[in-house]
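To start, the structure under review is shown below, and the notes come after it.
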Amino acid sequence: MAARAALDIGCGSGALLDRARRDGHTGRLIGADPDAAAVAVASARQPAVEWRRSTAADLDLVGAVDLVTMAGNAFQCLVTDDVLSSSLVAWQRALRPAGRLVFDSRNPEARAWLGWTPEHATDVVDDAGRALRIEHRVQAVTPVGDGVLVDFTESTCDTDGTVLRTDRTTLRFRTDGEIRDMLQQHGFRVLEQYGGWDLGPVSPDRPSIIVVAQRV
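Those letters in the sequence shown? Residues 6 to 221, by my numbering.
Shown next as structure tokens:
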């Protein structure tokens, strides 16, 4: 991470900034997430980072960082245009002149939600070494603008199928055009867009929309 100071939105348990610090980053690193439990885990994991319990829109930083990141498709949690607008205002304010905003979002044309079924469950191992299975079930797909809202459940299960926890989530799938328009309306210029981490172009069969934008 080359930026002198960076802000990670939706930082979760802090993996990105923890790695940056461990890799030798000596500048200011700030992680923000609305989930108090996640922020507590991040704080214990890496005390040499500023951790804040905050939504993307509620940040009070002014000209504090050169880079704002939002990884893991967390951008899709900003489901309404009003929430995204407020968030972009906060990010633009937090960035220094010519600072960059980098984030990823699933490409609606690839329709990833079609694979969110129990038949496509994922086997994982938690921090305690326990084998678990993660299952998804789509509840509704609603057209919004040029994209869609996808409402789904995520269940954490024992390997015998016993459900331990179920969470319900709604994600917004915006098109690359919608994303570009919102950025331009809020003082950002899109420098690059990619369709995946191999840095190929955005296209209907590509899974992602990865955006590198600059404050203007």
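Built from N, CA and C at the ideal position, the CB exists for glycine as well.
Taken atom to atom, the span from the alpha-carbon of Asp210 to that of Ser110 is near 14 Å. For Gly104, no alpha helix (DSSP H) encloses it; the enclosing beta strand (DSSP E) starts and ends at Leu100 to Arg111. Taking 8 Å as the cut-off, the beta carbon of Trp121 is found no closer than this to the beta carbon of Val149. Approximately 5 Å separates the beta-carbon atoms of Arg50 and Gly19; this is inside 8 Å, confirming the contact. With respect to the C-alpha of Ala43, the residue from Ala145, Val70 and Ile14 having the closest C-alpha is Ile14. Looking at the DSSP output, Glu159 bridges to His141 and Asp172. Secondary structure of Gln51 (DSSP, three-state): coil. If you look at Gly182, you'll find it in the alpha helix (DSSP H) that goes Asp181 to Gln190. The stretch 66-101 is shown to contain whole alpha helix (DSSP H) runs of 4 or more residues at 86-99, in chain order. In the three-state scheme derived from DSSP, where H, G and I count as helix and E and B as strand, Arg24 is classed as helix. For Glu197, DSSP records a beta bridge to Val217. The Cβ atoms of Ala69 and Arg26 lie no closer than 8 Å to each other. When rounded, the separation of the alpha-carbon atoms in Ile35 and Ala61 is 12 Å. In the three-state scheme derived from DSSP, where H, G and I count as helix and E and B as strand, Leu34 is classed as strand. By the criterion of a C-beta distance shorter than 6 Å, Arg9 is surrounded in its chain by Gly32 and Asp71, once the five residues flanking it on both sides are discounted.
In this structure Arg173 does not touch Leu83 by the C-beta definition: roughly 17 Å separates them, more than the 8 Å allowed. Judged by pairs of C-beta atoms under 8 Å, the stretch 157-167 touches the stretch 125-137, as three or more such pairs exist.
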